[in-house]
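Chemist: A single structure is presented below for examination.
Protein chains in written order, with our numbering: chain A, 627 to 1015; chain B, 627 to 1015.
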């Protein structure tokens, strides 16, 4: 919740925020058949909920995201992961919307998952946490609505895996959202996407410190494997073009050395190794395995005889679909498939392909056209809420 | 050398072949400053060298290639890696050419490299083998010419890293080749290419069985890391389209399972894991590190003030450049850069972009247009040789 802002924080930030832990004491039936009698969600909320409880926006995070989407945690120099897009006067305008961002179950930032206690054993779930589907996240977020007094979402918004959740929301609870914003996403992963995820999982599982997921019992964690997994992901999130611009073929420590065991590195190598190491200290390997599997299994239309048009006929909300020209992990062609199915299903849809050289990462980064597109769409959503009697 | 063919071997195969080990007793000065007083190359040769010694074609292998390019080793059911393109009546026609394919130094199939003895220590070189550049392979191949009695190459031919060697040949020994065939290659790797190679290297080095490259002393090898490295490479050699066609999103062992620890896999996962495991039993990790570094460092024009046109002005041979439409590891755009530099340098060049959905792997696989393009070009090369007085 916003606190008094130190002078150094930017005026268009929600400022100092703290997360809250929401205990949900109602059962959550997972797609795999397991029922969680209760679960907890670590959540951040920005802005004020109106009396009708209908000016809320749900932010759906992606693979490695979490509840800290905007503002600053006390003492931190870096803000939340979507600070560019959430705040007063920003596209997701906290002066108009009540913005809700939970860490979803299965992840590792306070919500129920591999790191929290399995009530049946009194031990952390670790590798025994049940497999998850995107609809499990949606159903958990549905319960969260009631805890927060949200009556309907003015919009459900997400990028990448977050976009998959947003689409799933539009099918599972069509009456509970006005708008669905699907950014840099897809109705299902390609075989290549799955292949990269599988290599990442194998990197984790083949780390001798993995111990079949029971690494905590051995007071260790598969840091090497997780770092590799992140490096693989990271390369696929950047465009070849951007990597060329950012790193080129610059050498870090001089030129080709004489003799063996040269320490020379290209800048890109140094950067990637740093990214891998940083991530492996901050994320949980069992969560990474769970959530990449969720990504692989996501298939919007599977339950509709693989007919995406039939699926989207269930939806009632408006849609904005956004893609980025240099994104090869979730290419614009995947977004156009979504748009085509929405149009064929008679849905109201607005599509923007944003020029960007930032690859898949573009959905997290500043980009004027993207800000305008998202801001314009959500401003209309705000007007619709505010025009209600 | 061809032997009597069993009835079961195809008539257009060079048949049963055996490799020979060629001892080169002249010094080889490597780019890093180390001098190898002598070295050995494991070589296969197909066809007959003419009296002038000028009907020879040098086959340059890529990252994981070796001397066994065509025909069958006795008892093997699978032929050499370029069987589709080398043989009687094939594009690299063994009835007209004397075809030479060495395993290059630093690799792990009999030629001098990490697995062979370092004369200074009496022990295998292992991680102490000096770093290599593509020009070191070219200089070794130059010495091999003399051992085999080859006076000039009718063509130097290679795909991927093999194409880099072929281009280097055209600059280092311009008077010693008539034609240079550069397939699915590039004048230098992109930052993204380097990034994938670095992740592969890190997978190997972070395997606890790597022991700083001295794994043989510990009677082990970093199989897990090498398998991961191969899986990463493999995904980048295939096109997204082909993976979709070949594997789609088919599940291997049933559908999404109930409860935890699901054994369910997509077909692509099973395939990739198999490829990784197969490779890690057949290749040496130190060789993989050496040769990926060679790939990363290759930069055709670095010694020519980064001016590729100036570089190619040194060349005297004709060029054929071939790329494949779905190859994203060595994209057609990289081949067009080669062609543009060759044209600007006034060289004779023929360029073919072949339609293929096979990705980078296309250069190894059957493709009628590719066979025609290569065959037509090399038939002219043969005619030129045969027309000499």
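Virtual Cβ for every residue (Gly too), placed ideally from N, Cα, C.
When the Cα atoms are used, what is the spatial distance from residue 887(A) to residue 757(B)?
Modeler: The predicted position of residue 887(A) is uncertain, since its pLDDT is 39 and thus under 50; a value taken from the coordinates is nonetheless stated next. Their Cα atoms are separated by approximately 8 angstroms.
Chemist: Please identify the residue among 961(B), 847(B) and 1011(B) whose C-alpha is closest to the C-alpha of residue 752(B).
Modeler: 847(B)
Chemist: Is DSSP giving residue 731(B) helix, strand or coil here?
Modeler: coil
Chemist: Are three or more beta carbon pairs between the stretch 788-801 of chain A and the stretch 794-802 of chain B nearer than 8 angstroms?
Modeler: no
Chemist: Using a C-beta to C-beta distance shorter than 9 angstroms, which residues of chain A count as neighbours of residue 821(B)?
Modeler: 857, 860, 861, 864, 869, 873, 892, 894, 895, 897 and 898
Chemist: Bridge partners for residue 779(A) per DSSP, in chain order?
Modeler: According to DSSP, residue 779(A) shares a beta bridge with 682(A) and 803(A).
Chemist: Determine the chain A residues that contact residue 818(B) at a beta-carbon separation under 7 angstroms, and present them in chain order.
Modeler: 861, 866 and 869
Chemist: Residues in its own chain within less than 6 angstroms of residue 977(B) by CB, not counting five upstream and five downstream?
Modeler: 947 and 965
Chemist: Within this structure, are the beta carbons of residue 720(A) and residue 673(A) separated by less than 8 angstroms?
Modeler: yes
Chemist: In chain order, what residues of the stretch 822-845 of chain A put their CB closer than 7 angstroms to some CB of chain B?
Modeler: 822, 824, 825, 828, 829, 832 and 834
Chemist: With 8 angstroms set as the bound, which would you pick, yes or no: does the beta-carbon of residue 854(A) sit closer than that to a beta-carbon of chain B?
Modeler: yes
Chemist: So what's residue 716(B) in DSSP terms, helix, strand or just coil?
Modeler: coil
Chemist: When burial is assigned at 16 or more other CB atoms within 10 Å of the CB, is residue 918(B) buried or exposed?
Modeler: buried
Chemist: Output yes or no for whether 8 angstroms exceeds the beta carbon distance between residue 801(A) and residue 727(A).
Modeler: Not closer than 8 angstroms, so no.
Chemist: Verify the CB distance criterion: does residue 850(B) have a CB-CB separation below 8 angstroms to chain A?
Modeler: yes
Chemist: By how many angstroms is the C-alpha of residue 651(B) removed from the C-alpha of residue 772(B)?
Modeler: 11 angstroms
Chemist: Where do the ends of the beta strand (DSSP E) carrying residue 945(B) lie?
Modeler: 944-950
Chemist: In the DSSP output, which residue or residues are listed as bridge partners for residue 749(B)?
Modeler: 744(B)
Chemist: Where do the ends of the beta strand (DSSP E) carrying residue 709(B) lie?
Modeler: Annotation: residue 709(B) is outside any beta strand (DSSP E) and is labelled neither H nor E by DSSP.
Chemist: Within 8 angstroms of any Cβ in chain A, is that where the Cβ of residue 814(B) sits?
Modeler: Chain A places a beta carbon closer than 8 angstroms to that of residue 814(B), counting this residue as a contact.
Chemist: Classify residue 785(B) as helix, strand or coil using the three-state DSSP reduction.
Modeler: strand
Chemist: Here's a check: name, in chain order, each residue in its chain whose Cβ is nearer than 7 angstroms to the Cβ of residue 735(A), leaving out the five neighbours to either side.
Modeler: Same-chain partners within the cutoff: 668, 692, 693 and 729.
Chemist: Quick one, are the C-beta atoms of residue 853(B) and residue 892(B) less than 8 angstroms apart?
Modeler: Cβ atoms of residue 853(B) and residue 892(B): not closer than 8 angstroms.
Chemist: Mind reading off the beta-carbon distance from residue 697(B) to residue 641(B)? Whole number of angstroms is fine, and I expect it under 8 angstroms.
Modeler: Contact flag correct, Cβ pair sits at about 6 angstroms.
Chemist: Which residues mark the beginning and the end of the alpha helix (DSSP H) in which residue 965(A) is found?
Modeler: 958-970
Chemist: Output needed in chain order: residues of the stretch 921-936 of chain B with a Cβ under 8 angstroms from some Cβ in chain A.
Modeler: Only those residues of the stretch 921-936 of chain B whose C-beta falls short of 8 angstroms from the nearest C-beta of chain A are listed: 922, 923 and 925.
Chemist: Would you give the residue range spanned by the alpha helix (DSSP H) that residue 980(A) belongs to?
Modeler: Where residue 980(A) is concerned, there is no enclosing alpha helix (DSSP H), although the beta strand (DSSP E) it sits in stretches over 975-980.
Chemist: Take the Cβ of residue 703(B) as the centre, count every other Cβ of all protein chains shown within 10 Å, and call the residue buried at 16 or more, exposed below.
Modeler: exposed
Chemist: If you follow the beta strand (DSSP E) that residue 650(A) is in, where does it begin and where does it stop?
Modeler: 646-650
Chemist: When you compare each of 874(A), 928(A), 810(A) and 899(A) to residue 863(A) by their alpha carbons, which one comes out closest?
Modeler: The candidate whose alpha carbon is nearest that of residue 863(A) is 810(A).
Chemist: Assuming residue 712(B) contacts residue 895(A) under a Cβ cut-off of 8 angstroms, what Cβ separation, rounded to an integer in Å, is found between them?
Modeler: Contact doesn't hold; Cβ gap of about 36 angstroms is too wide.
Chemist: Would you check if there are 3 or more beta carbon pairs closer than 8 angstroms linking the stretch 759-777 of chain B to the stretch 680-687 of chain B?
Modeler: yes
Chemist: Just to confirm my understanding: we take residue 975(B), look at its own chain, exclude 5 residues before and 5 after, and list those with CB closer than 7 angstroms. What are they?
Modeler: 945, 947, 965, 968 and 969
Chemist: Please state the DSSP three-state secondary structure of residue 986(B).
Modeler: Helix at residue 986(B).
Chemist: Using a Cβ-Cβ cutoff of less than 6 angstroms, which residues in the same chain neighbour residue 1000(A) once the five nearest sequence positions on both sides are dropped?
Modeler: 717
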